[in-house]
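Those letters in the sequence shown? Residues 3 to 416, per the numbering used here, in order.
Glycine residues also receive a C-beta, built at the ideal position from the N, C-alpha and C atoms.
These figures come from a predicted structure and were not determined experimentally.
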Amino acid sequence: MPVGASTFGQLGANAFLDALPRGRLAENVLHFVRVLRAAGLPLGPAKVQDALAAVEAVGIGERSDFREALAAVLVSRREHLPIFEQAFDLFWRNPRLLERMLAALLPKVQGRAGDVADELPARLAQAMVRAPVPKVLPEGEETELDATLSFSAREVLQNKDFASMSAEELAQVRAIMRTMKLPLPERPVRRTRASPHGHAIDLRATLRQSIGANASLTPLSFRAHRRRPPPLCVLCDISGSMDRYARMLLQFVHALTNDRHRVHVLTFGTRLTNITRHLRHRDVDVALARVADAVEDWAGGTRIGTCLGEFNRKWSRRLLAQNAVVLLISDGLDADAGAGLAFEAERLAKSCSRLVWLNPLLRYEGFEARPAGIRAILPHVDDFLPVHNLQSLADLADALAGPRIERTMQAKAA
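Here's what the structure looks like:
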């Protein structure tokens, strides 16, 4: 029979722990760790053993001791503590939070996220709905969870436009984005390292090996240039026409920021805002909440030329060193009708090794570069690609993974 919130509401703070059958406790702790893992906490099988050992040490007589014992072994970062606390109250069934869990699954429109920290993270709600409830019934009865949330297969979502997805499909796409990579070919840098097949002789290492050689032949040591991926700079349009796509793509950019070093993210609408340090927070919900607080021109107008000019003056030299790659995410619809945009786009293209323009308008088969903003930027970009679904992001990864950067650099040098 299904166990509802009222069953647990009738139990006291300590009575519900006493009601747990000893044989079921290990299974419930295992399910609780799975919920936390689904919510984003880095927990492996060893943490389950640590949690069981902690519970065995403190017992289940007091709810507070039980809670603190699990927190001590399952929470390793300060930002994970709020998720653990909410998951604990939900999993061990606080009925008042059950309504908030279900409400978090419903699509809603929010303005500036001033109270996001007090809301239940949607990914925790999704993890709780898919998880089994604690089993507190007698041994002979079985517990069922009547929550039938199903999602489309990944293959179906590959070519579906972000703007036409339901709330459930968007949740699954966000989970897929967190696992996507954006490979960039490694390029040689100035620093060198020891290498058996280097291009230059390492005199210091060769002389060191010759000490004590007793006039015998000493092999030469070589050094080669180190190789590392170039920096990545993302300029994301957050104007009203780009609102739905910008919200989804920032989920993807957050995964890139936490996956690799030297990733810089700036948003622009009527002004330019650097949100790199906000996206570096590992928790995607907290990171996007901080971005919402920092950005003041979300879903407003678009002044692409003015914002690119500010980027070229204030940020270009700091962020575009060492052959950086720039991703310009915009539909090119400029409120200033492209005034000064061609000059700033050309300057941006000359400052980086590769300028990739991702435009959601390319999803239309009959797309034509008629707006003035699009015609001003287009001659200066190296790649003009669509960005409106998962398949377009996969195509972007394939485009950047090949040796096209080398050919682009040669073309620019010529």
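- Of the other Cβ atoms in all chains shown, fewer than 16 fall within 10 Å of the Cβ of P221; this residue is therefore exposed.
- For V35, the number of other beta carbons within 10 angstroms of its own is at least 16, and it is reported as buried.
- Partner residues in the beta bridge of P190, as assigned by DSSP, are R229.
- Buried is the label assigned to R305, since at least 16 other Cβ atoms lie within 10 Å of its Cβ.
- Judged by beta-carbon spacing, K162 lies beyond the 8 Å limit of A399, meaning their Cβ atoms are not closer than that value.
- Per DSSP, reduced to three states, the secondary structure at N361 is coil, with no helix or strand assignment.
- Taken atom to atom, the span from the alpha-carbon of G303 to that of S243 is near 9 Å.
- DSSP, read as helix, strand or coil, puts N314 in helix.
- Taking a contact as a CB-CB distance under 8 Å, the pair D336 and G307 counts as one, their CB atoms being some 7 Å apart.
- Taking C-beta atoms under 8 Å as the contact rule, D285 and E81 qualify, at a distance of about 5 Å.
- When rounded, the separation of the alpha-carbon atoms in H199 and F93 is 58 Å.
- The beta carbon of T278 is closer than 8 Å to those of T259, V265, H266, V267 and L268 in its chain, skipping five residues each way along the sequence.
- Note on the region 30–108: whole alpha helix (DSSP H) runs with a minimum of 4 residues are 47–60, 65–76, 83–93 and 97–105, in chain order.
- Sequence-distant partners of L395 (beyond 5 residues in either direction) whose C-beta falls short of 8 Å from its own C-beta, in its chain, are M179, M182, F254 and V389.
- Annotation: V265 is outside any alpha helix (DSSP H); the continuous beta strand (DSSP E) that includes it extends over V265 to F270.
- The beta carbon of L357 lies closer than 6 Å to those of V328, A351, V383 and D384 in the same chain, with the five residues before and after it left out.
- Residue environment: N361 is assigned as buried (16 or more neighbouring CB atoms within 10 Å of its CB, all protein chains considered).
- Taken in chain order, the complete beta strand (DSSP E) segments of 3 or more residues contained in the region 238–296 are 265–270 and 274–276.
- By the criterion of a C-beta distance shorter than 7 Å, M167 is surrounded in its chain by V175, once the five residues flanking it on both sides are discounted.
- Residue range L343 to S353 is occupied by the alpha helix (DSSP H) that includes F345.
- Listed as beta-bridge partners of R195 by DSSP are A226.
- Annotation: the continuous beta strand (DSSP E) that includes D385 extends over D385 to L387.
- Contact annotation: L252 and C238 have beta-carbon atoms nearer than 8 Å.
- A contact between stretches requires three or more CB pairs, one per stretch, nearer than 8 Å, and the region 43–50 meets this requirement with the region 76–91.
- Scanning G271, R273, D261 and D299 for the CA closest to the CA of H283 turns up D261.
- Taking C-beta atoms as the reference points, V297 and T272 fail to come closer than 8 Å.
- Contact between A71 and A59 holds: CB atoms are separated by about 7 Å, below the 8 Å threshold.
- Classified as exposed, G368 has fewer than 16 neighbouring CB atoms from the shown chains inside 10 Å of its CB.
- For A374, the three-state secondary structure derived from DSSP is helix.
- As computed with DSSP, V328 is found in a beta bridge with C235 and L357.
- Beta-bridge analysis with DSSP links I203 to F224.
- Judged by DSSP in its simplified three-state form, Q174 adopts helix.
- The shortest CA-to-CA distance from G375 to any of L343, V158 and Q211 is the one to L343.
- Excluding its 5 nearest sequence neighbours in each direction, A207 has C-beta neighbours in its own chain below 6 Å: S223, listed in chain order.
- Looking only at Q393, W300, A301 and L281, the smallest Cα-Cα distance to R292 is reached by L281.
- Distance from the CA atom of V191 to the CA atom of A294, rounded to whole angstroms, is 36 Å.
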